[in-house]
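These notes concern the structure reproduced below.
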Amino acid sequence: NFEFQWDRAKYPTALSLKTVTEIISKQVSQVEIELKSRSTAYNDMKAKLHGLEQKKEGSLQTRTLTGIVKKEDLVLNSEYLTTLLVVVPRSVFTVREFNLEEAEKQRQEMSRLIADKKEQYGTFVRWLKVNFSEMFVAWIHIKALRVFTESVLRYGLPVSFQTLLLQPEKKHAKRLREELNSLFRDLDPTAAASKPDMGVDIPGVNAGQQEYYSYICYSINISLLDSS
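The working numbering puts the sequence shown at residues 387 to 614.
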């Protein structure tokens, strides 16, 4: 079940609506900035790892020889001998340069990036879970503010209305809507025409326009909370 209680510690009710809105906006902006920073750092690391992994692909003429050429295959620390690695395809041969130290550095770099990616991924996911929860709560508070503001604008002062959070089963949603329309029809008889109201307030989501009712109603899509 979905329950809501105004967070007085974060958003004191003694403050003006404008101030509360600014607090929420600042909170969201800070999370957005940190999200971009963390996302950029993680994607940069993925790109570096992908670049090293690509060097392991392709033919022997272009791919890295790390893991293929071993230390015992080379003549090391010789003043007169140099080991040449030759790739011999069917028609021609190609001489490859190979530096054992550079190859070892590349292998260590890849191992480090793989470990860092795994660690950073776990940290990033945990951060996302915590801050998604924070942002969702902030969004619900915005919804509550909209209900309050719209109610005052439509019905005037003094404040005399009740706010409810309803979570009907899908098969009963239509019936509930019909009952609510019938119950509050006297507040605005013209609402039956389903005049367009404000659209959904999720940035980047274009879900069309909400219907207009004689009572104030804002839908909350909680399908994204489904663990599946």
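Note that the Cβ used here is the ideal one computed from N, Cα and C, for glycine as well.
The structure presented is a predicted model; accordingly, all values stated were derived computationally and were not measured.
Give the single residue among ILE526, PHE534, SER609 and SER519 whose Cα lies nearest to the Cα of LYS556.
-> SER609
In terms of DSSP beta bridges, what is THR535 paired with?
-> Note: THR535 sits in no beta bridge, so no partner.
Whose C-beta lies closer than 7 angstroms to the C-beta of ASP502 among residues of the same chain, with five residues either side of it excluded?
-> MET431
First and last residue of the beta strand (DSSP E) that includes LEU471?
-> 471-473
Is the segment 516-527 touching the segment 416-428, taking contact as three or more C-beta pairs under 8 angstroms?
-> yes
Could you check the C-alpha separation between GLU483 and LEU471 for me, to the nearest Å?
-> 7 angstroms
Report the three-state DSSP secondary structure of THR468 (helix, strand or coil).
-> coil
At what residue ranges does the segment 517-568 contain a whole run of the beta strand (DSSP E), taking only runs of 3 or more?
-> none
Kindly list the residues whose CB is nearer than 8 angstroms to the CB of LEU499, restricted to its own chain and excluding five residues on each side of it in sequence; keep chain order.
-> MET431, LYS434, LEU435 and LEU438
Could you tell me the boundaries of the alpha helix (DSSP H) in which ALA427 lies?
-> 403-440
Can you give the Cα-Cα distance for LEU551 and LEU543, rounded to whole angstroms?
-> 22 angstroms
Cβ-Cβ distance between TYR604 and ARG532 below 8 angstroms | yes
Straight-line gap, THR535 to TYR599 (C-alpha atoms, nearest Å) | 16 angstroms
Would you mind stating whether ILE409 and LYS529 have Cβ atoms separated by less than 8 angstroms?
-> no
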